[in-house]
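Chemist:
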Amino acid sequence: MSQSFRRPAVSLIVLGLLISGSPVPLSARTEPVTASSPARPGTTAPELRPWLYENSDVPIDAAWRFGQLPNGLRYAIRRNGVPPGQVAVRLRIDAGSLMEQADELGYAHFMEHLTFRGSRHVPDGESKRIWQRLGVTFGSDSNAQTTPTGTTYALDLPQATQESLGESLKILAGMMADPNIVDPAVDAERAVVLAERREGVGPQMRISDASREHFFAGQPLASRSPIGSVETLTAVTAARMEAFHDRWYRPENAVISIAGDMDPAVAEQLIKDQFSGWSVEGKGAPLPDFGEPDPKAPATKVIVEPGAPTGLTMAWLRPWKPRADTIVYNQDKLTDMLALQIISRRLEQAARAGGSFLQASVDQQDVSRSADGTFVTILPTEENWEKSLHDVRAIIEDAKASAPSQQEIDREYAQLDTALAIQVENADTEAGAKQASDLVSAVDIRETTVSPQAALDIFRSGKPAMTPQKILDSTRRLFSAGVFRAMLVTGKVQPGVDARLATAVATPVKAATNVRLSAKPVTMADLPKIGPPGKVVSRTSVGLPGMDSITFANGVKLTLFANDAETEKVRINVRFGHGQQAFSPTKPAPGWAGNYALVAGGIGKLGQRELDELTNGRRMGMDFSIDDDAFELQAVTRPADYKDQLQLFAAKLFAPGWDPAPIARVKTGAAVAYDAMARAPDSVLARDLNWLLHDKDVRFRTPSRAEIEALTPQAFRQTWEPLLASGPIEVQIFGQVNPDDAIQAVAATFGALPARPNAPVPVANKVMRFPAPVATPVILRHKGSKDQAAAVMAWPTAGGFSLQTEARQLEILTQIFNDRLFDKLRSTEGAAYSPSVQNNWPFSYDNGGYILVTSQVRPDRIEYFYGVVKDTAADLAQNPVSDDELQRAVAPMRQLLMRAGTGNAFWMNQMEGAAHDARYVQAMQTMARDMLTVTPAQIQALAARYLKPGKSWSAVVLPEGVEAR
10 MSQSFRRPAV
20 SLIVLGLLIS
30 GSPVPLSART
40 EPVTASSPAR
50 PGTTAPELRP
60 WLYENSDVPI
70 DAAWRFGQLP
80 NGLRYAIRRN
90 GVPPGQVAVR
100 LRIDAGSLME
110 QADELGYAHF
120 MEHLTFRGSR
130 HVPDGESKRI
140 WQRLGVTFGS
150 DSNAQTTPTG
160 TTYALDLPQA
170 TQESLGESLK
180 ILAGMMADPN
190 IVDPAVDAER
200 AVVLAERREG
210 VGPQMRISDA
220 SREHFFAGQP
230 LASRSPIGSV
240 ETLTAVTAAR
250 MEAFHDRWYR
260 PENAVISIAG
270 DMDPAVAEQL
280 IKDQFSGWSV
290 EGKGAPLPDF
300 GEPDPKAPAT
310 KVIVEPGAPT
320 GLTMAWLRPW
330 KPRADTIVYN
340 QDKLTDMLAL
350 QIISRRLEQA
360 ARAGGSFLQA
370 SVDQQDVSRS
380 ADGTFVTILP
390 TEENWEKSLH
400 DVRAIIEDAK
410 ASAPSQQEID
420 REYAQLDTAL
430 AIQVENADTE
440 AGAKQASDLV
450 SAVDIRETTV
460 SPQAALDIFR
470 SGKPAMTPQK
480 ILDSTRRLFS
490 AGVFRAMLVT
500 GKVQPGVDAR
510 LATAVATPVK
520 AATNVRLSAK
530 PVTMADLPKI
540 GPPGKVVSRT
550 SVGLPGMDSI
560 TFANGVKLTL
570 FANDAETEKV
580 RINVRFGHGQ
590 QAFSPTKPAP
600 GWAGNYALVA
610 GGIGKLGQRE
620 LDELTNGRRM
630 GMDFSIDDDA
640 FELQAVTRPA
650 DYKDQLQLFA
660 AKLFAPGWDP
670 APIARVKTGA
680 AVAYDAMARA
690 PDSVLARDLN
700 WLLHDKDVRF
710 RTPSRAEIEA
720 LTPQAFRQTW
730 EPLLASGPIE
740 VQIFGQVNPD
750 DAIQAVAATF
760 GALPARPNAP
770 VPVANKVMRF
780 PAPVATPVIL
790 RHKGSKDQAA
800 AVMAWPTAGG
810 FSLQTEARQL
820 EILTQIFNDR
830 LFDKLRSTEG
840 AAYSPSVQNN
850 WPFSYDNGGY
860 ILVTSQVRPD
870 RIEYFYGVVK
880 DTAADLAQNP
890 VSDDELQRAV
900 APMRQLLMRA
910 GTGNAFWMNQ
920 MEGAAHDARY
930 VQAMQTMARD
940 MLTVTPAQIQ
950 ALAARYLKPG
960 KSWSAVVLPE
970 GVEAR
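Taken in order, the sequence shown gives residues 10 to 974; the numbers are from my numbering.
If you want it as structure tokens, here you go:
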């Protein structure tokens with residue numbers, strides 16, 4: 010008899026429900042769902058393929074239940090218990106900006122906004138509050154998106170019941186069939202949409218618009234940005250929106266996908282109950298012709314965007330045609346993908362070696378059912394963009410000249426095969442929200458969806474045909490067929506640059522030499538040898554049932570949580586040293602370069618290319634980050650690979666490589682992006698706000714251009730080498746492992762490291778400061794649009810564990826604060842589209858926390874913005890919130906905790922630092938109680954304590970030459 014060493018996944022599900030205080034969902038079952046149209050036993054009649062699989066021979070994903078109502082609405086439903094209790098609904102309308110007429114620009118997106126305001130079933134603005142009471146977080150659980158080809162409404166309903174799903178579908182049905190399209194609603198939402206458009210205007214939007222106009226010249230897509238134009242949005246009326254709605258919001262244009270923890274038959278009946286009565290008189294509009302790439306349009310274009318980094322894009326554009334989504338079609342697409350990956354890897358290697366471009370890649374995209382395009386993007390390292398363009402074209406010409414080696418094909422095949430195999434391994438933990446979204450995405454591009462296993466089988470069965478010659482044929486077609494376009498983006502005016510670009514792309518180039526990648530096999534044995542395995546000196550239970558804390562003789566500590574919550578997935582986090590606290594608050598250090606340069610610097614004598622070979626075809630990685638009190642190496646791996654992942658991490662600390670090339674690359678990247686940080690209010694805040702909120706502590710400052718240019722490989726190594734070799738090590742392993750095997754694996758890697766010195770952190774480094782209060786806002790300037798500004802107001806709180814209950818309750822206070830600002834500044838006034846309130850409480854410091862309000866706003870509305878913020882803060886301090894308002898904040902938070910608690914990432918995050926400070930364990934265990942049992946009186950007391958007018962600090966980001974009003 011054998012016994013599984015793994016704990017059942019339900020252990021985490023129950024823990025998640027316990028921390029949220031929610032009941033175990035009655036609908037949490039795992040019976041398989043059969044296909045909606047099975048063949049009758051004893052017959053040989055051909056299978057009736059569901060509507061999604063018409064004209065396709067790919068295997069039907071039998072987990073989906075397909076159907077179509079008499080009015081033409083199509084639906085697909087499947088059971089999915091990830092996370093438990095949740096039901097994800099996606100409702101797609103085949104109406105995007107490409108369906109708009111020339112005088113209707115922005116109408117599809119405007120309609121998306123109007124539908125959320127109200128309908129025959131709910132008063133204006135009430136749907137948001139209804140869903141909040143059901144635990145839905147606005148913006149993440151309920152949202153919508155308009156693209157050129159469609160509008161998709163998304164709702165993730167936590168702890169769904171038949172009643173709550175029925176009510177939600179009723180609301181959605183009213184939104185689709187009978188939204189509140191009246192002039193007062195249109196006028197109110199016009200201000201919101203114009204605010205959204207205004208806040209979006211900037212370098213990226215202008216470059217995006219110019220790119221669309223150039224690459225799709227002569228096609229509707231060229232002028233159909235979903236946000237629309239100021240002119241058409243200003244002129245919109247209820248009558249015009251009603252006409253657009255009647256043309257496109259019709260059941261035959263609608264698809265509903267539902268994936269969640271509910272009986273599909275119940276969900277199907279609810280769809281029938283709520284949507285069968287949806288009908289629209291007359292015929293809808295036929296889909297417009299999206300056109301084809303125009304060979305007569307100009308081939309080249311130069312865009313001058315002040316401050317923008319120089320960039321190049323080339324495209325070969327072919328007409329998009331609907332195709333039967335067959336097995337052969339998908340295998341051909343996968344062959345194309347292999348061909349492009351081979352070229353992208355060659356380009357990346359050239360960039361790493363210090364070539365003329367910082368980054369370059371190739372890609373194939375089906376763009377908005379308007380073009381089938383091959384795209385090449387280039388980020389030059391210097392102003393000599395012609396050299397970058399020449400070098401990239403030479404590498405592509407080499408790929409077109411002769412077939413790749415079998416070794417190159419095998420390398421990319423292994424990587425793609427692994428990616429598909431991982432999806433199979435993790436199929437039972439794939440979230441229902443992703444499955445629901447994937448299905449409507451397939452509808453959008455007129456393709457199908459298959460199970461992860463079917464996708465892997467299709468790929469593997471096509472391998473014999475993926476020969477060097479076929480890869481060569483794909484490459485030649487991808488980079489030859491179609492209409493050619495090229496565009497240069499530059500940050501400054503250059504004389505004759507238009508002619509130079511035209512000449513550069515027209516001049517033939519010779520195929521590059523020595524760019525093909527061949528390498529001898531690299532194995533784990535090539536990593537530096539560490540030493541004999543370490544010994545375990547203690548093992549105790551900690552935190553949660555089944556979680557252990559293990560200490561090794563050299564001082565390394567392991568937090569181990571072996572469980573089956575995520576099939577074939579192992580999360581590893583290595584925390585070492587003292588993180589941000591290792592740096593001085595007054596002396597600049599090259600911490601900013603560590604995220605890229607440390608990883609790319611290699612291990613021992615192995616460079617990044619050799620490490621790519623080592624990890625190719627495996628689920629291994631290396632992400633580096635700097636936390637408040639530790640540096641972190643992170644990866645998500647799997648049972649077959651996690652031991653080698655541990656060896657890779659340990660070798661990185663034992664014998665880090667110091668290749669100088671990544672230093673040059675990270676310096677170039679930082680310099681290239683530097684000027685762009687001054688071009689818009691949000692980018693100025695991204696550059697400076699964190700530094701200012703910490704009273705100009707240099708650890709939070711974006712490095713100056715002089716600092717970037719002055720960094721040398723020697724200085725980088727001098728800073729980082731002692732940090733990698735000192736300080737405590739805390740290893741976290743959460744996932745599907747055998748506990749004893751995992752302990753032995755850590756003993757053979759981190760346990761084998763020499764004991765590390767651990768100098769105490771200087772007292773000054775452990776202090777987090779908040780700026781002194783200001784009577785008038787600090788003024789920052791940006792060089793962008795004159796009608797864009799941003800405003801900030803912050804109040805100091807505290808930090809550490811002594812007030813941890815207050816720290817948690819502040820999350821609820823800030824959510825209520827945020828909700829009120831949303832209702833006033835966005836929904837009612839349209840003064841700001843994206844007001845945000847955040848609680849920042851550092852447990853690693855005893856001070857430095859704050860409540861932060863930020864928003865983009867027009868310069869002439871800044872005083873109004875501050876008035877609303879101050880009045881709201883004062884009201885929260887003077888009056889208790891209602892029970893309903895409190896529960897509309899608490900219910901979504903309870904559901905967020907429940908859903909997060911069913912996966913390992915949440916618990917791993919909560920246990921960070923616990924190996925060296927037991928207070929983290931206690932904080933984790935009381936988090937839900939502290940946060941979810943808060944009362945109106947406590948919210949009022951918190952507001953009175955922290956939201957004091959005389960304690961606030963504020964700043965505004967204004968355009969140059971414009972004053973606040």
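A virtual CB, placed ideally from N, CA and C, is assigned to each residue, including glycine.
Is DSSP giving Ser220 helix, strand or coil here?
Modeler: The answer is helix: DSSP assigns Ser220 an H, G or I state.
Chemist: Considering only the alpha carbon of each residue, which of Phe147, His118, Pro157, Glu172 lies closest to Leu164?
Modeler: Minimum Cα distance to Leu164 is reached at Phe147.
Chemist: Alpha carbon to alpha carbon, what distance is there between Ala169 and Ser31?
Modeler: Low local confidence applies: a pLDDT of 46 at Ser31 is under 50, so the model's placement there is unreliable, and no value is given.
Chemist: With DSSP as the reference, label Ile559 as helix, strand or coil.
Modeler: In this structure, Ile559 counts as strand in the three-state DSSP scheme.
Chemist: Which same chain residues, not among the five before or five after Ile280, have their C-beta less than 7 Å away from its C-beta?
Modeler: Cβ neighbours of Ile280 beyond the five flanking positions: Tyr84, Leu178, Ile265.
Chemist: For the beta strand (DSSP E) containing Ala571, name the first residue and the last one.
Modeler: Per DSSP, Ala571 belongs to the beta strand (DSSP E) from 566-571.
Chemist: If you scan the stretch 492-541 from start to end, which runs of the beta strand (DSSP E) of 3 or more residues do you find wholly inside it?
Modeler: As far as the stretch 492-541 is concerned, its whole beta strand (DSSP E) runs of at least 3 residues are 492-499.
Chemist: Going straight from the alpha carbon of Glu417 to that of Ser527, what length do you get?
Modeler: Rounded to the nearest angstrom, the two C-alpha atoms are 7 Å apart.
Chemist: For a test of the three-state rule: what should DSSP assign to Arg233, helix, strand or coil?
Modeler: Arg233: coil per DSSP, three-state reduction.
Chemist: Since Lys137 is in the alpha helix (DSSP H), which residue starts that stretch and which ends it?
Modeler: Lys137 -> alpha helix (DSSP H) spans 135-142.
Chemist: Ignore the nearest five residues each way along the sequence and tell me which others in Met108's own chain have a CB closer than 7 Å to its CB.
Modeler: Cβ within range, chain order: Ala117, Trp257, Pro297.
Chemist: Given a threshold of 16 other Cβ atoms within 10 Å of its Cβ, counted over all protein chains shown, does Met917 qualify as buried or as exposed?
Modeler: Met917 comes out buried.
Chemist: Mind checking who Lys310 pairs with in its DSSP beta bridge?
Modeler: Its beta-bridge partners are Met496.
Chemist: Locate the beta strand (DSSP E) running through Phe75, then write down its first and last residues.
Modeler: Phe75 -> beta strand (DSSP E) spans 74-77.
Chemist: Contact defined as beta carbons within less than 8 Å: I believe Tyr842 pairs with Glu208. What is the distance between those atoms, to the nearest angstrom?
Modeler: That pair is a contact at about 5 Å.
Chemist: Go through its chain and collect everything with a Cβ distance to Arg584's Cβ below 6 Å, but skip five positions before and after it.
Modeler: Excluding residues within five positions, the ones whose Cβ falls inside 6 Å are Ala639, Glu641, Glu739.
Chemist: When you compare only the Cα positions, how much space is there between Ile267 and Ala445?
Modeler: Distance between the alpha carbons of Ile267 and Ala445: 6 Å.
Chemist: With three or more C-beta pairs closer than 8 Å as the rule, is the stretch 864-875 touching the stretch 817-824?
Modeler: No, the stretch 817-824 does not touch the stretch 864-875.
Chemist: Round the Cβ separation of Ala520 and Ala403 to the nearest angstrom and send it over; I've been treating them as touching at under 8 Å.
Modeler: Sure, about 6 Å apart at Cβ, within 8 Å.
Chemist: Would you kindly report the start and end of the unbroken beta strand (DSSP E) that includes Val546?
Modeler: Residues 545-550.
Chemist: Over what stretch of residues does the beta strand (DSSP E) that includes Ala169 continue unbroken?
Modeler: It is not in any beta strand (DSSP E) - Ala169 carries neither H nor E in the DSSP assignment.
Chemist: Give me, in chain order, the residues of the same chain whose beta-carbon lies closer than 8 Å to that of Ser411; leave out the 5 immediate sequence neighbours on both sides.
Modeler: Excluding sequence neighbours, Ser411 sits near Leu481.
Chemist: What do you get for Glu969, buried or exposed, if any count of 16 or more other CB atoms within 10 angstroms of its CB means buried?
Modeler: When all chains shown are included, Glu969 counts as exposed.
Chemist: Which one or two residues does DSSP pair with Gly320 in a beta bridge?
Modeler: Per DSSP, Val498.
Chemist: Roughly how many angstroms separate the alpha carbons of Leu388 and Asp372, rounded to a whole number?
Modeler: Straight-line Cα distance between these residues: approximately 15 Å.
Chemist: So, does the stretch 883-903 touch the stretch 590-604, judging by three or more C-beta pairs under 8 Å?
Modeler: At 8 Å Cβ cutoff, the stretches do not touch.
Chemist: Round the Cβ separation of Glu198 and Phe119 to the nearest angstrom and send it over; I've been treating them as touching at under 8 Å.
Modeler: With a Cβ gap of about 7 Å, Glu198 and Phe119 count as contacting.
Chemist: For the alpha helix (DSSP H) holding Asn918, just list the boundary residues, first then last.
Modeler: Looking at the DSSP string, the run of the alpha helix (DSSP H) that includes Asn918 is 913-919.
Chemist: So is Leu487 buried or exposed if we call it buried at 16+ other beta carbons inside 10 Å?
Modeler: Under this definition Leu487 is a buried residue.
Chemist: Pop quiz: Ala673 and Gly363 are said to be a contact at Cβ under 8 Å. What is the actual Cβ separation, rounded to whole angstroms?
Modeler: Yes, Ala673 and Gly363 are in contact; Cβ-Cβ is about 6 Å, under 8 Å.
Chemist: In angstroms with no decimal places, state the Cα-to-Cα distance between Ala44 and Ala324.
Modeler: Unreliable positioning characterises Ala44 in this predicted model, as indicated by a pLDDT of 36, which lies under 50. The coordinate reading is nonetheless provided below. Taking the straight line from one Cα to the other gives about 42 Å.
Chemist: Which residue comes first and which comes last in the beta strand (DSSP E) that contains Leu789?
Modeler: 787-791 is the span of the beta strand (DSSP E), which, as asked, contains Leu789.
Chemist: Between the stretch 739-756 and the stretch 542-562, do at least 3 Cβ pairs fall closer than 8 Å?
Modeler: A contact exists between the stretch 739-756 and the stretch 542-562.
Chemist: What is the rounded straight-line gap between the Cα of Glu261 and the Cα of Ser285?
Modeler: Computed Cα separation, rounded: 12 Å.
Chemist: Do you know whose CA, among Ile860, Ala204, Phe852, lies nearest Val846's CA?
Modeler: For the residues Ile860, Ala204, Phe852, the minimum Cα distance to Val846 belongs to Ile860.
Chemist: Which residues bound the alpha helix (DSSP H) around Gln1?
Modeler: With the chain covering 10 to 974 only, the question about residue 1 has no answer from this structure.
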